[in-house]
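Okay, so here's the structure we're looking at.
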Amino acid sequence: MMMKYVFVTGGVVSSLGKGTTAASLGRLLKARGYKVAMQKCDTYYNFNPALLSPLQHGENFITEDGVAADLDLGHYERFIDESLKGEASITTGKIHTALVERELRGEYHGATITVVPHVTNEIKHRIITAAENSGADIAIIEIGGVAGDIESSPYLEAIRQLKWELGAGNTCFIHVALMPYLSVAGEMKTKPTQHSVKALRAIGIQPDVIVCRTEVNISQSAKDKIALFCNVPVGNVVQNRDASTLFEVPLNLEKEGLAGMVLKTLKLDNPPADLTEWTNMVARYDAPTQEVHIALVGKYVAVHDAYLSVHEALVHAGIANLAAVYVDYISSDELTAANAAERLGSYHGIILPGGFGHRGAEGMMAAANFARTKGIPCLMIGYGMQLGVVEAVRSLLSLPDANSTEVNRLANPAVVAIPRDRVDENDGRQNARMGGMDVVLTEGSRTAAIYGLTMVHERHGNRYEVDDAFLAPLHEVGVDFVGFSADGNYPEVFEIPAHPFYIGTIYHPEFLSRPNKAHPLFAAFIGAAAAHQA
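Quick note: the sequence shown uses the working numbering, first residue 977, plus one each step.
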């Protein structure tokens, strides 16, 4: 079967939920037996999100092959339950870098580089290459930004060209637009959607399906009006009303018939969807038998998207435990040993997520100390795990000056540092261990029991490592390292067996958690937190 392409664009305003719409469609197509791949085209000039502040752009999602990508790829992976590669993340920065490097190698032979054809050709090449490499039946590509933006213009021109190059029946264009409801007038307004589609049509793109984001139900007359003025069949106007949870969106879009519209446009069969597993998961989410309150102590709590995958993994774990999980974000800048009891004492569990730099480190260590000494379940990830180890060395080995060189480059002793053989002063990115890697767990350890395995595969994104010189002394005081890299060079997991739940991982388990398949560590953490309140 020839590869089919679905392009998802947005209009009127940003943050409409294009990514959720695209991911939901992916789930519906997969439920019909199609293999689905997904891509995101971001219009910013940064090379990748790793160079953006979490306070501006949210988290960096790490792909299996070790690329820092837009957080939307996390949505995609969680919804379609497939691992995506770094090539699924396209940015304007990557496009322009490729063109400049090509020019410097003399490949253009002195020709003038222009948006058309050079930029658009590079965009098309990356979209097609990523889709074909995936081996999927259908590729869904989300175009960032809003129709009419200057930044998104090259991408819209590129996909306009692809429609004709790929031929009839091989592409489907979905436009997601806002339909505001004026409560004072009691009216749904269609003009913003009409003008958004007009902006698309002005550059030669005619949507096949229009998804209307709305707070209230859309009347049939409003759908008729949109169909008339936007030149689409009445049956191809879809309502996507605000939902109480993202998990309901695929089910709502299934009721609207979105997948059927797309498959008809692509000239593909529309078999019945098997959404049993997803429906059962939503039912469990809607019927919790207990509440669990978690404190997330981090550096970037002003923007919750900075910890999006962690938050979602906690929710997944709640579903697995029939628990409603409530997460409070606590700034590590404001936390001290003196106020830790007041700020954290009422929570059933504490999580210390990833991060970088020196700011807020002492607050995270204060949280680790409080959880360790008070028997509160605590899960530490990445940067949080490293600081958990530093806290243990300070408190249990009586080395108050111990630190990570990321926090204090003159730390003595340095418990956490970049290994000497990985130091590269010219390119910090080369120092990191990125992507999916095997981790060997100690048989008989609590962590191995949680997984039910002694060899696991997890996503990594770390430059700094724990110095193994501290492993034996920590073992003597009850802190055991029970996970190591497959080559044995790097400590990966530590736990305190005598504690109800005190586990730290250098890797990021949140990236592998799924709504219908909670990550074992998160599921065990929420289970321990629920038991702690009993």
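For glycine and all other residues, C-beta sits at the position ideal for the given N, C-alpha and C. Just so you know, these numbers come straight off a predicted model, no measurement behind them.
Just to confirm my understanding: we take residue i, look at its own chain, exclude 5 residues before and 5 after, and list those with CB closer than 7 Å. What are they?
{"i": "Lys1199", "result": "Val1210 and Val1213"}
{"i": "Lys920", "result": "There is simply no residue 920 to check, as the chain begins at 977 and stops at 1510 in what is shown."}
{"i": "Ala1408", "result": "Gly1437, Asn1438 and Arg1439"}
{"i": "Ser1000", "result": "Phe1055, Val1225, Pro1226 and Leu1229"}
{"i": "Phe1446", "result": "Val1369 and Val1391"}
{"i": "Pro1156", "result": "Lys1165 and Pro1168"}
{"i": "Glu1468", "result": "Val1415, Gly1459, Phe1460, Ser1461, Thr1481, Ile1482 and Tyr1483"}
{"i": "Ile1194", "result": "Met1155, Met1164, Cys1188 and Gln1215"}
{"i": "Met978", "result": "Asn1146"}
{"i": "Ala1375", "result": "Reading off the sequence, residue 1375 comes out as Leu, not Ala. Contacts found: Val1369 and Pro1389."}
Near residue i, which residues of its chain fall below 8 Å by C-beta distance, leaving aside the five closest residues on each side in sequence?
{"i": "Leu1132", "result": "Thr985, Ile1119, Ala1123, Leu1176, Ile1179 and Ile1181"}
{"i": "Leu1142", "result": "Tyr981"}
{"i": "Asn1109", "result": "Lys1061 and Glu1063"}
{"i": "Leu1372", "result": "Leu1450, Val1453, Gly1454 and Val1455"}
{"i": "Leu1075", "result": "Ile1089, His1094, Val1095 and Glu1098"}
{"i": "Pro1247", "result": "Arg1008 and Gly1009"}
{"i": "Thr1381", "result": "Ala1387, Ala1390, Val1392, Ala1393, Ile1394 and Tyr1440"}
{"i": "Ile1038", "result": "Ala1044, Ala1045, Met1410, Gly1411, Arg1435, His1436, Gly1437, His1484 and Phe1487"}
{"i": "Leu1417", "result": "Thr1423, Ala1424, Tyr1427, Leu1429, Thr1430, Met1431, Val1432, Val1458, Gly1459 and Val1469"}
{"i": "Leu1298", "result": "Arg1260, Ala1263, Pro1264, Thr1265 and Gln1266"}
Would you mind reading off the limits of the alpha helix (DSSP H) that contains residue i?
{"i": "His1592", "result": "Given a span of 977 to 1510 for the chain in the structure shown, any question on residue 1592 remains unanswerable."}
{"i": "Lys994", "result": "Lys994 to Lys1006"}
{"i": "Ile1135", "result": "Ser1129 to Leu1142"}
{"i": "Tyr1052", "result": "Asp1048 to Ile1056"}
{"i": "Ser1110", "result": "Thr1096 to Ser1110"}
{"i": "Leu1311", "result": "Looking at the DSSP string, Leu1311 is not in any alpha helix (DSSP H), and its letter there is neither H nor E."}
{"i": "Ile1089", "result": "First-last for Ile1089: undefined, no H or E at that position."}
{"i": "Leu1031", "result": "Pro1030 to His1033"}
{"i": "Ala1317", "result": "Ala1316 to Leu1320"}
Looking at the unbroken beta strand (DSSP E) that takes in residue i, where does it start and where does it end?
{"i": "Val984", "result": "Lys980 to Gly987"}
{"i": "Arg1435", "result": "Met1431 to Asn1438"}
{"i": "Val1399", "result": "Taken as a continuous stretch (DSSP letters only), Val1399 belongs to no beta strand (DSSP E), as it is neither H nor E."}
{"i": "Ile1117", "result": "Ile1114 to Ile1119"}
{"i": "Thr1068", "result": "Unbroken run through Thr1068 is the alpha helix (DSSP H), Thr1068 to Leu1080; no beta strand (DSSP E)."}
{"i": "Ile1327", "result": "Gly1325 to Leu1328"}
{"i": "Val1012", "result": "Val1012 to Asp1018"}
Going by Cα to Cα distance, which pick from the options is closest to residue i?
{"i": "Gly1111", "options": "Val989, Ser1059 and Thr1481", "result": "Ser1059"}
{"i": "Ala998", "options": "Asn1216, Met1164 and Gly1062", "result": "Asn1216"}
{"i": "Ser991", "options": "Pro1130, Asp1048, Thr1349 and Leu1031", "result": "Asp1048"}
{"i": "Val1225", "options": "Cys1188, Gly1062 and Val1012", "result": "Cys1188"}
{"i": "Tyr1359", "options": "Gly1069, Gly1333, Ala1342 and Ala1343", "result": "Gly1333"}
{"i": "His1495", "options": "Pro1329, Val1091, Glu1267 and Glu1288", "result": "Glu1288"}
{"i": "Val1390", "options": "Arg1409, Asp1414 and Val1365", "result": "A quick correction: the sequence has Ala, not Val, at residue 1390. Here the closest residue by C-alpha is Val1365."}
{"i": "Leu1429", "options": "Val1092, Glu1419 and Val1268", "result": "Glu1419"}
{"i": "Glu1053", "options": "Arg1396, Ile1116 and Val989", "result": "Ile1116"}
{"i": "Asp1444", "options": "Leu1154, Thr1073 and Gly1464", "result": "Gly1464"}
{"i": "Pro1130", "options": "Leu1158, Lys1139 and Thr1068", "result": "Thr1068"}
{"i": "Glu1040", "options": "Gln1032, Gly1050 and Tyr1261", "result": "Gly1050"}
{"i": "Leu1290", "options": "Arg1490, Met1361 and Leu1311", "result": "Arg1490"}
{"i": "Ala1316", "options": "Ile1295, Met1341 and Ala1300", "result": "Met1341"}
{"i": "His1508", "options": "Gly1351, Gln1196, Gly1233 and Ile1103", "result": "Gly1351"}
{"i": "Glu1035", "options": "Asp1057, Ala1282 and Lys1174", "result": "Ala1282"}
If you drop the 5 nearest sequence neighbours on each side, which residues of the same chain put their C-beta closer than 6 Å to that of residue i?
{"i": "Ala1271", "result": "Asp1304, Ile1306, Leu1320, Tyr1323 and Ile1326"}
{"i": "Gly1336", "result": "Lys1275, Ser1308 and Asp1309"}
{"i": "Asp1046", "result": "Lys1016, Asp1018, Pro1025 and Ser1065"}
{"i": "Thr1241", "result": "Cys1148 and Asp1184"}
{"i": "Val1383", "result": "His1334 and Ala1337"}
{"i": "Val989", "result": "Leu1154"}
{"i": "Gly1121", "result": "Thr1019, Glu1127 and Ser1128"}
{"i": "Tyr1329", "result": "In the sequence as presented, Tyr is not what sits at residue 1329; that position holds Pro. Gly1274, Tyr1283, Val1286, Ile1357 and Gly1360, listed in sequence order."}
Query - At least 3 beta-carbon pairs within less than 8 Å: the segment 1079 to 1099 vs the segment 978 to 990 - result: Between the segment 1079 to 1099 and the segment 978 to 990, the count of C-beta pairs closer than 8 Å stays below three; the two stretches do not touch.
Query raised in the report: In the segment 1202 to 1286, which residue ranges form an unbroken alpha helix (DSSP H) of at least 4 residues, counting only runs that do not cross its ends?
Result: Counting whole runs of 4 or more residues, the segment 1202 to 1286 contains the alpha helix (DSSP H) stretches 1224 to 1232, 1234 to 1241 and 1252 to 1261.
Query - 4-residue-minimum alpha helix (DSSP H) runs that sit fully inside the segment 1144 to 1199, ordered along the chain - result: Within the segment 1144 to 1199, complete alpha helix (DSSP H) segments of at least 4 residues are found at 1167 to 1178, given in chain order.
Query raised in the report: Are three or more beta carbon pairs between the segment 1446 to 1457 and the segment 1495 to 1503 nearer than 8 Å?
Result: The segment 1446 to 1457 is not in contact with the segment 1495 to 1503.
Report task. For the segment 1340 to 1426, list the alpha helix (DSSP H) runs that are entirely contained and at least 4 residues long, ordered along the chain. Result -> List check, alpha helix (DSSP H) in window: 1359 to 1372.
Query raised in the report: Taking contact to mean at least 3 C-beta pairs separated by less than 8 Å, is the segment 1350 to 1357 in contact with the segment 1477 to 1487?
Result: Counting Cβ pairs under 8 Å, three or more are found: they touch.
Report task. May I have a chain-ordered list of the beta strand (DSSP E) segments no shorter than 3 residues that lie completely inside the segment 1460 to 1500? Result -> 1467 to 1471 and 1478 to 1481, all fully within the segment 1460 to 1500.
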